[in-house]
Amino acid sequence: MTFRRVVLTVVGLAVATLSLASAQQRPAAVNAVRLYVFEAGAIRGLDPKLFNFTREELKEVDFTNIAYLVVHPKGTLMFDAGAIEDSHFKGDGAPVTEGILTATRPLLPQLAAAGYTPRDVTFFAMSHYHSDHTANANAFAGATWIVQKAERDFMFSDKPQGIIQPGHYSGLKNAKTRILNDEDFDVFGDGTVVVKSAPGHTPGHQVLFVKLPKAGPVLLAGDLYHYPEERTTGRVPTFEFSVEQSKASRAKIEAFIKEARAQLWIEHDIATHAKLPKAPAYVE
Ligand SMILES: [Zn+2]
Numbered sequence: 530m531t532f533r534r535v536v537l538t539v540v541g542l543a544v545a546t547l548s549l550a551s552a553q554q555r556p557a558a559v560n561a562v563r564l565y566v567f568e569a570g571a572i573r574g575l576d577p578k579l580f581n582f583t584r585e586e587l588k589e590v591d592f593t594n595i596a597y598l599v600v601h602p603k604g605t606l607m608f609d610a611g612a613i614e615d616s617h618f619k620g621d622g623a624p625v626t627e628g629i630l631t632a633t634r635p636l637l638p639q640l641a642a643a644g645y646t647p648r649d650v651t652f653f654a655m656s657h658y659h660s661d662h663t664a665n666a667n668a669f670a671g672a673t674w675i676v677q678k679a680e681r682d683f684m685f686s687d688k689p690q691g692i693i694q695p696g697h698y699s700g701l702k703n704a705k706t707r708i709l710n711d712e713d714f715d716v717f718g719d720g721t722v723v724v725k726s727a728p729g730h731t732p733g734h735q736v737l738f739v740k741l742p743k744a745g746p747v748l749l750a751g752d753l754y755h756y757p758e759e760r761t762t763g764r765v766p767t768f769e770f771s772v773e774q775s776k777a778s779r780a781k782i783e784a785f786i787k788e789a790r791a792q793l794w795i796e797h798d799i800a801t802h803a804k805l806p807k808a809p810a811y812v813e
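Take the position in the sequence shown, starting the count at 1, then add 529; the result is the number in this note's numbering.
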């Protein structure tokens, strides 16, 4: 065997071994839809007035922060990306506090515990651009980003104002993108995972419908509501992009969940998520 042939054989073996290794590292395909719930910290010290409530009118003032991974037989969808960047954790197990935001665990290790890395994420969507939902968005720039046009336009406008940190999501600018025009998107084509347009809180706020085989249909509401009391009183926060749109979106989504007989999970609601299994366990 010539030297050249030996080198080629060794390289060939290495390539074969590498591709075998990466194929093995891919998570196994699932037979049914499942939903992972990741804990992305808390928001404490909020002023109820921001949401048009007094302290006495709310059962719980603090927020939880949550991110979700939906796993479908045809691929995966990450929904929201946390409030604190993983790079801000020091690796010593200490919690990170940034103003009213605090988190005890970074996001990607929770994803890894469930058996997934960002490169296993097929689709990425966020409820909206507020910085308590976008912290690790750049990690998912290799996925196909599902976003409403009005939201994307605002995110990449010259100097976007408000609760927004463009550095969180700068990598999405050149990501493969599925742009929606105030419309819904059936992610895997079988009606089990549907991104639904629900503008108002921001110009292109969206919610996620997931049909789970055992838990049944669930509507992940993003910030369509923050407190359950918003749902019962019809009050909207003081900082909506459009109060009129928010009210219309709430009416539309409420009609949808009634029709679909879906549960509604408010993303910041502590009581809703306290009952749910957290990754690596999942809801099915
Ligand atoms: Zn929020």
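Cβ atoms here follow ideal geometry from the backbone N, Cα and C, with glycine treated the same way.
Contact belief for residue i with residue j at Cβ below 8 Å, rounded distance in angstroms
{"i": "residue 724", "j": "residue 717", "result": "Wrong, their Cβ atoms sit about 11 Å apart, outside the cutoff."}
{"i": "residue 598", "j": "residue 640", "result": "7 Å"}
{"i": "residue 665", "j": "residue 611", "result": "5 Å"}
{"i": "residue 753", "j": "residue 747", "result": "At roughly 14 Å, the Cβ-Cβ gap does not stay under 8 Å, so residue 753 and residue 747 are not in contact."}
{"i": "residue 704", "j": "residue 670", "result": "5 Å"}
{"i": "residue 757", "j": "residue 683", "result": "Between residue 683 and residue 757 the Cβ distance is about 28 Å, and since that is not below 8 Å, they are no contact."}
{"i": "residue 659", "j": "residue 693", "result": "7 Å"}
{"i": "residue 566", "j": "residue 807", "result": "5 Å"}
{"i": "residue 635", "j": "residue 618", "result": "5 Å"}
{"i": "residue 615", "j": "residue 637", "result": "5 Å"}
{"i": "residue 771", "j": "residue 727", "result": "Contact doesn't hold; Cβ gap of about 12 Å is too wide."}
{"i": "residue 802", "j": "residue 595", "result": "6 Å"}
{"i": "residue 657", "j": "residue 751", "result": "6 Å"}
Per-residue burial, residue i [other beta carbons within 10 Å of its own, 16 or more giving buried]
{"i": "residue 691", "result": "exposed"}
{"i": "residue 774", "result": "buried"}
{"i": "residue 720", "result": "exposed"}
{"i": "residue 685", "result": "exposed"}
{"i": "residue 554", "result": "exposed"}
{"i": "residue 662", "result": "buried"}
{"i": "residue 738", "result": "buried"}
{"i": "residue 592", "result": "buried"}
Distance cut-off 6 Å: residue i Cβ against heavy atoms of ligand 2
{"i": "residue 742", "result": "Inclusion of ligand 2 in the displayed structure is not the case, the ligand content consisting of ligand 1 alone."}
Does the stretch 644 to 652 come close enough to the stretch 622 to 634 that 3 or more CB-CB pairs lie under 8 Å? no
Please determine if the stretch 695 to 712 and the stretch 673 to 686 are in contact, where contact requires at least 3 C-beta pairs separated by less than 8 Å. yes
Just the residues with CB closer than 6 Å to a heavy atom of ligand 1, in chain order, which are they? 659, 661, 662, 752 and 797
Quick check: the stretch 568 to 577 against the stretch 649 to 660, are at least 3 beta-carbon pairs closer than 8 Å? no
Contact between the stretch 761 to 771 and the stretch 789 to 798 (3+ Cβ pairs under 8 Å): no
Within the chosen definition, does the stretch 780 to 787 reach the stretch 579 to 593 through at least 3 CB pairs nearer than 8 Å? no
Return the chain-ordered ranges of every beta strand (DSSP E) run that is complete within the stretch 641 to 673 and spans a minimum of 3 residues. 652 to 654
My parser needs the beta strand (DSSP E) runs of 3 or more residues fully inside the stretch 665 to 715; what are they? 673 to 677 and 706 to 709
Residue ranges of each alpha helix (DSSP H) run of no fewer than 4 residues wholly in the stretch 593 to 642, ordered along the chain? 637 to 642
Could you tell me which uninterrupted beta strand (DSSP E) segments, each at least 3 residues in length, are contained entirely in the stretch 717 to 747, listed from first to last along the chain? 722 to 726 and 735 to 741
Segments assigned alpha helix (DSSP H), at least 4 residues, entirely inside the stretch 747 to 796: 757 to 762 and 772 to 789
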